[in-house]
Structures are given as C-alpha cells and as structure tokens.
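> Below you'll find the structure I mean.
In mature numbering (1 follows the signal peptide of the UniProt record, and there is no 0), the protein residues as written are -26 to -1, 1 to 296.
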C-alpha cells in the first residue's frame, strides 16, 4: 500500500511539474480574443494586407521581424521598443540595425485595434498574426495562431547580438541556435525558406561573391558583383533578392537556387551540407511539404517563451512601455 501511494504521488507530481514547465500551452488559445475583442484578427488582417499591397517586400520584412523578436527573450514584442534611458533597444543590435523593417506597419495595426478595443490586444500577438497574414498575402501557407501573449517591459540588445544567427554562421552554429529555442533541424531549414522572400544588403554577402569557394556558382557571383562592389564601404546597402526567380512570392525556388549553388548568403548555401541537405532536397522537390513544414515551424517559433497570464503588460503603443 505504501509503495502504491509513493507511485501515485510521484505520478501526480510529475504531471504537475509538466504543467508548470509549459504554462503557455494552457494559456494561449486561438479563441483568446473571441469575447474580449472579436474583431481583432480581421482588423489586423486588413491593416497588414493594405501595407503589403502598397509594398510587396513588406511581407518578408514582417516575417523577419517576428523571427527576430521570438529569438530574443521569446515572442514578447521586445524588438519593437525604442531606445530610452532604461532600455537598450534591440533595433540597434547588429542583426537589426538599418535592416529590420515594418515597425510602422505594426504600429498602424495596433492603432486600428486600439480604436475598437483599447488596452486588450498585445503588440506581441499583433506581430505574430502579422507574420501569418504576410505569408498568406504572398501566396504562402496559413496556420492557426494561438493568442494570449503579453508585451515585455524590457529589451536586450546583447541577446539580439548573441542569439540571432548571422549570415556567416556555420551549419553547426545554426543547428545549435535553433535547438536552443526548441526548434529542430527540419524546422531550421523550413524557416530559412522564408528567404524565398525579400532582399539582403551587399555587405552581408560581399565575402561570398568575391571568395574562391567551390559552393558558389561563378555566373551567379559575377552577376551579383555588378551591384555589390568589392570595396568595403562602397554600395554596402545595395540590395539583391534572396530568391533569384520570384523574390516577392512564397514558393520553393529558394531551395532550387541552393541546389544550383546560388544561395545569396553563406548561411543559406551551408544548408546543402550535412544532414540539412536532406531537407533542402525534399523541399526543392515538394513545395507542399515545404509549405506544411514552414507553417508548423512558424507555430512552434511563435510560442517560444511567451509572456502569459499576469506576466508582462499590454502596451498602449508598441514602441514604448506604458
């Protein structure tokens, strides 16, 4: 009898501790705003679609903004905070400085929601929904977003510099960076496929196109050199598409480019090595498999360490604490 009680108590404690470890699973919900602000999702969708219709490149920027938020302190909208005497803004971290975009789009969506439901919908939830709506707007997949995130009152420039993977990352560094956030290697390759959209600045890929590596197509490198001079400081901000074929539409051409040694960033091309090459091959053959894997990975990424319950706040504007 004593042994039975010990086993029972142990099982209950284990179940209890598991619930403690994963509070977001109990508190995030796809119906979170149904009674609080039933029009929230449609208002945000309209605002995001309008922004992307004005500038199609914005879709890539919003997906990237969400990624850069979730990898630093979790999905808490910390990337949206401006610099103050007490906040070192993530906007000025190296991976974001002069490249992170879309802040005004999120602010506009927030303002539209605030007019209807003041103080209810978090900037973190808006940013998460914006990423999904951005994907759908450019023919990408949709997915169910569980809501209920709250906003941070802090930011971390140092974590943004250390936790966000860079364009020169090795495969081992990439795998480790994503694993630290609870994302698998397959998730990593699928999320890298967001580079089917958008552009990169010359200084991020200069070393690749002027090197002598065997993993870069000579014709591709030669073409890219036309708008990216070898001299550092010259043309640094000149842009080139991450996907050579359809940079403003969500498809699997990014992976086909990699198979042809035409990845713009070294961190893109490195995916064709090691075990990641299996996923690159799969996604280049099967666009549906890529879309499904991308949607699943976005769900997982969007639930990295959210602030829920009584943690955090609901900001009145997204770039400052209340």
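Ideal Cβ positions, reconstructed from N, Cα and C, are used throughout, including at glycine. Note that this is a predicted model, so its numbers are computed, not measured.
Enumerated in chain order, which unbroken segments of the beta strand (DSSP E) with a length of 3 residues or greater are wholly contained in the region 163 to 222?
173 to 175 and 213 to 215
> Short check: CB of residue 293 to CB of residue 45, under 9 angstroms?
Residue mapping note: residue 293 aligns to position 319 of the chain shown, counting from 1. Residue mapping note: residue 45 aligns to position 71 of the chain shown, counting from 1. No, the Cβ-Cβ distance between residue 293 and residue 45 is not below 9 angstroms.
> Taking the CB atoms as reference points, tell me whether residue 269 and residue 253 lie closer together than 9 angstroms.
Along the chain shown, one-based indexing puts residue 269 at 295. Along the chain shown, one-based indexing puts residue 253 at 279. Contact: no.
> Give the list of continuous alpha helix (DSSP H) stretches no shorter than 4 residues that lie fully inside the region 233 to 259.
240 to 243 and 250 to 259
> With DSSP as the reference, label residue 125 as helix, strand or coil.
Looking up residue 125 in the chain shown gives position 151. Residue state, collapsed to three classes: strand.
> Tell me, which residues are paired with residue 287 by DSSP?
As a position in the chain shown, residue 287 is number 313, starting the count at 1. Under the DSSP definition of a beta bridge, residue 287 partners with 125.
> Taking 9 angstroms as the CB-CB limit, is residue 279 close to chain C?
Among the chains of the structure shown, chain C does not appear; only one protein chain is present.
> Please classify residue 219 as buried or exposed, where buried requires at least 16 neighbouring CB atoms within 10 angstroms.
Position 245 of the chain shown holds residue 219. By the neighbour-count rule (16 or more Cβ atoms within 10 Å), residue 219 is not buried but exposed.
> Entirely within the region 86 to 135 and at least 4 residues each: give me those alpha helix (DSSP H) ranges in chain order.
Counting only runs of 4 or more, we get 97 to 111.
> Among the candidates 177, 69 and 20, whose CA atom is the shortest distance from the CA of residue 134?
Numbered from its first residue, the chain shown carries residue 134 at position 160. Cα-wise, what sits closest to residue 134 is 69.
> Measure how close the beta-carbons of residue 165 and residue 275 come, nearest whole angstrom, since I'm counting them as under 8 angstroms.
What you label residue 165 is simply residue 191 of the chain shown in a count that begins at 1. What you label residue 275 is simply residue 301 of the chain shown in a count that begins at 1. Contact flag correct, Cβ pair sits at about 7 angstroms.
> If you draw a straight line from the C-alpha of residue 175 to the C-alpha of residue 139, how long is it?
Here the question's residue 175 lines up with position 201 in the chain shown. Here the question's residue 139 lines up with position 165 in the chain shown. Cα to Cα, the separation comes out at about 16 angstroms.
> Please state whether DSSP places residue 300 in a helix, a strand or coil.
Residue 300 is absent from the model: the chain starts at -26 and stops at 296.
> Name the two residues that bound the continuous alpha helix (DSSP H) containing residue 44.
Mapped onto the chain shown, residue 44 falls at position 70. It spans 32 to 44 - the alpha helix (DSSP H) in which residue 44 sits, taken as one unbroken run.
> Taking the C-alpha atoms as reference points, what is the distance between residue 197 and residue 261?
Here residue 197 corresponds to residue number 223 of the chain shown, with the count starting at 1. Here residue 261 corresponds to residue number 287 of the chain shown, with the count starting at 1. Approximately 27 angstroms, taken between the alpha carbons.
> Would the region 187 to 207 and the region 225 to 243 be scored as touching if the rule is three or more Cβ pairs under 8 angstroms?
yes
> Tell me the rounded alpha-carbon separation between residue 57 and residue 259.
Taking the chain shown and counting its residues from 1, one reaches residue 57 at position 83. Taking the chain shown and counting its residues from 1, one reaches residue 259 at position 285. Looking at the two C-alpha atoms, the distance is approximately 45 angstroms.
> Do the region 29 to 43 and the region 101 to 121 touch if we need at least three Cβ pairs shorter than 8 angstroms?
yes
> Provide the residue span of the alpha helix (DSSP H) that contains residue 267, from first to last.
In the chain shown, the residue the question calls residue 267 occupies position 293. Taken as a continuous stretch (DSSP letters only), the alpha helix (DSSP H) holding residue 267 covers 261 to 275.
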